[in-house]
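Residue numbers (the working numbering), protein chains in the order written: chain A, 11 to 170; chain B, 11 to 170. C-beta: ideal position from N, C-alpha, C; glycine also. In this text, all values refer to a predicted model and were calculated from it rather than measured experimentally.
Here you go:
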């Protein structure tokens, strides 16, 4: 980073309400995992449960990320609010969070249902029809893995 | 993922030209690292050198990511072209790449200069003024660390 660039303050977001606002508005998170010191990442749509400070995801029952998470549930994730590249400034405007925590696979049917409720209400304005179309029986939950990220701590930054 | 959702094909991008297009259009990459099996990630503006199939970044001379990269240069990164959440579809439209490779710190002044050229030409339409303003002496390169990611392999996906 050249001297001109360095004098631009890249401000830390300390306000918990601002951080919560980013969590509520975000649609997806990039999650970094580690297995035998090998890095891997995935991008996942999420639902934020602000009362328990937990993120929920849904995914298929198989896949590389589940193997990583079973070996090591520790994750580091980021939610990025992209406000656009600033031409002629060599800078990008954004708000972002980095979150540390662990991701576990939800096994309990009641919690799977709750996780899917949180997810649909987070992502959709009118979750009812989707819910009725796709989650209309207990058996419909067998095909979906619900993951839960318990947030241990997080930091926020904004550029520009 | 519920049954309805699973029938939607999430298509792999196999066309190398499409992958290159995503690399050329992208402005930033999220990079996952691993140190002692601890995951960490950062978001970095990048420049893509298509002739050597390398990404260049600039950063300060200190920071957690440099410590991670010195301990373990292996990284996994993602570039996301966000095409928007699809309301009432429980789906997000996107094109994305996942890249594996290693990131090293460029020590050679000539390569640092070349890396900054690649970066500025990737990010800016008119890189000249910024270059003249900020990289006008060899000394100006002392304050900046230039990182290089050699791409080992990558995969592409698109949703919707």
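| Local conformation of residue 132/A per DSSP, three classes | helix
| Quick one: what's residue 61/A bridged to in DSSP? | The partner list for residue 61/A (beta bridge, DSSP) is empty, contrary to what the question assumes.
| request: Sort out for me which residues DSSP pairs residue 108/B with in a bridge. | output: 88/B and 165/B
| task | Identify, in the order they occur along the chain, each residue of the same chain with its Cβ nearer than 6 Å to the Cβ of residue 108/B, setting aside the five sequence neighbours on each side. | result | 88 and 165
| query | Taking 9 Å as the CB-CB cut-off, is residue 92/A touching chain B? | reply | yes
| message | Would you say residue 66/B lies against chain A (beta-carbon separation less than 9 Å)? | response | no
| Hey, would you say residue 21/B sits closer than 9 Å to residue 168/B, going by beta carbons? | yes
| query | Looking at the unbroken beta strand (DSSP E) that takes in residue 51/A, where does it start and where does it end? | reply | Taken as a continuous stretch (DSSP letters only), the beta strand (DSSP E) holding residue 51/A covers 48-55.
| request: Let me know if residue 163/B comes out buried or exposed under the rule of 16 or more other beta-carbons within 10 Å of its beta-carbon. | output: exposed
| Are the C-beta of residue 105/B and some C-beta of chain A separated by less than 9 Å? | no
| said: For residue 18/B, which residues in the same chain have their Cβ closer than 8 Å to its Cβ, ignoring the five residues on either side in sequence? | reply: Residue placement at residue 18/B cannot be trusted, given a pLDDT of 43 that sits under 50; the coordinates are not used to answer.
| field | Distance between residue 157/B and residue 128/B (C-alpha atoms, nearest Å) | value | Approximately 12 Å between the Cα atoms of the pair.
| request: Spell out whether any CB of chain A is found under 9 Å from the CB atom of residue 44/B. | output: At least one beta carbon of chain A lies nearer than 9 Å to the beta carbon of residue 44/B.
| In three-state terms, what does DSSP make of residue 145/A? | coil
| query | Nearest to residue 57/A by CA position, among 81/A, 126/A and 152/A, is which residue? | reply | 126/A
| For residue 27/A, which of helix, strand or coil comes out of DSSP? | Reduced to three states, the DSSP call for residue 27/A is helix.
| query | CA-CA distance, residue 161/B and residue 104/A? | reply | 26 Å
| query | Hey, is residue 38/A's beta-carbon within less than 9 Å of any beta-carbon in chain B? | reply | yes
| request: Leaving aside the five residues before and after residue 77/B along the sequence, list all residues of the same chain whose C-beta is less than 8 Å from its C-beta, in chain order. | output: 45
| Taking only beta-carbon atoms, is residue 87/A less than 9 Å away from chain B? | yes
| query | What number of angstroms, rounded off, separates the C-alpha of residue 95/B from the C-alpha of residue 28/A? | reply | 22 Å
| Got a sec, what are the start and stop residues for the alpha helix (DSSP H) residue 75/B sits in? | 74-81
| query | Any idea what DSSP makes of residue 34/B, helix, strand or coil? | reply | DSSP places residue 34/B in helix when its eight states are reduced to three.
| query | In chain order, what residues of the same chain lie with their CB nearer than 7 Å to the CB of residue 85/A, ignoring the 5 residues before and after it? | reply | 41, 42, 43, 111, 112, 113 and 159
| task | Check whether the Cβ atoms of residue 32/B and residue 106/B lie closer than 9 Å to each other. | result | Yes, the Cβ-Cβ distance between residue 32/B and residue 106/B is below 9 Å.
| field | Contacting residues, own chain, Cβ-Cβ under 6 Å from residue 79/A (five flanking each side not counted) | value | The answer, listed in chain order, is 113.
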